[in-house]
Amino acid sequence: MTDSENSFSGERVSSVGYLSREYEYPKGEVSAECFDRLVKLVMVRLVQWFGYHSCDLDPCGSGQPQPKLYYQGQVIPDKCSTDILVPAENLVYVAPALILHYIRGHKYRPPSDFLEAAMGCAEPGSDEYINTINKVGVAFYQFPLRGRS
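Numbering follows numbering that gives the first Met the number 0, in which position 102 of the sequence shown is assigned residue number 101; successive positions increment by one, without gaps.
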């Protein structure tokens with residue numbers, strides 16, 4: 000799947016990082032600071048799905064056991080059931096938590112505007128972060144997200 004931008008009832012959502020072996024994807028480096036920020040975003044589990052999305056990129060999709068990827072002593076999973084939300088000025092980016100695996104294991108380089116939004120958004124999980132997402136609006140969730148308070 001390619002990165003795309005969609006409109007839901009006037010709300011703007013841009014999907015990033017839903018990769019498949021059937022499509023080419025951009026490769027490159029992601030700075031350590033940006034990867035750290037994405038890790039923080041993954042740790043805020045606002046959107047959870049039933050079931051898992053697994054990596055099918057080569058060699059992960061081969062069915063053969065693959066070496067584990069680690070970041071700061073923690074395993075980077077090769078499957079996920081959550082998405083991250085990254086608010087920008089006029090839209091919200093949605094990406095699978097699996098984006099960490101794609102970046103480290105497959106050299107995926109997300110779009111620069113997505114990375115800039117991740118670096119520039121409020122502290123993940125904070126009331127300001129939640130309020131920014133709700134302000135931009137994500138109608139397909141059918142409810143406002145709630146912060147810590």
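Glycine is no exception: its CB is placed at the ideal position from the N, C-alpha and C atoms.
query: Comparing alpha-carbon positions, which option in C120, S53, D35 and C54 lies nearest V91?; result: C120
query: Does the segment 79-88 come close enough to the segment 107-121 to have 3 or more Cβ pairs within less than 8 Å?; result: yes
query: Given this structure, state the Cα-to-Cα distance separating V41 from A96, to the nearest angstrom.; result: 5 Å
query: Just grab the DSSP bridge partners of V85 for me.; result: Y92
query: Using C-beta distances below 6 Å, list every residue in its chain close to E21, excluding the 5 sequence neighbours before and after it, in chain order.; result: none
query: For W48, I'd like the list of residues in its chain whose CB is within less than 6 Å of its CB, leaving aside the five on either flank, ordered along the chain.; result: S80
query: Kindly indicate which residue of E28, K39, E32 and C33 has the alpha-carbon position closest to the one of G124.; result: K39
query: Count the other C-beta atoms from every protein chain shown that fall within 10 angstroms of the C-beta of R44, then say buried if there are 16 or more, exposed otherwise.; result: exposed
query: Quick check on this structure: which residue in C59, Q71, S19 and I102 has the alpha carbon closest to the alpha carbon of E28?; result: I102
query: Comparing C-alpha positions only, which one of G16, V12 and C54 sits nearest to P109?; result: G16
query: Quick check: what's the CA-CA separation for Q71 versus L56?; result: 24 Å
query: Start and end of the alpha helix (DSSP H) containing Y69?; result: Note, Y69: premise wrong, no alpha helix (DSSP H); beta strand (DSSP E) at L68 to Y70.
query: To the nearest angstrom, report how far apart Y24 and S13 are at their CA atoms.; result: 16 Å
query: Under 8 Å by Cβ, that's how I've got C33 and A117 pegged, so tell me the actual separation to the nearest angstrom.; result: 6 Å
query: With 16 as the cutoff for other CB atoms within 10 Å, does Y60 come out buried or exposed?; result: At residue 60 the sequence reads Gly, which differs from the Tyr that was named. Flag for G60 reads exposed.
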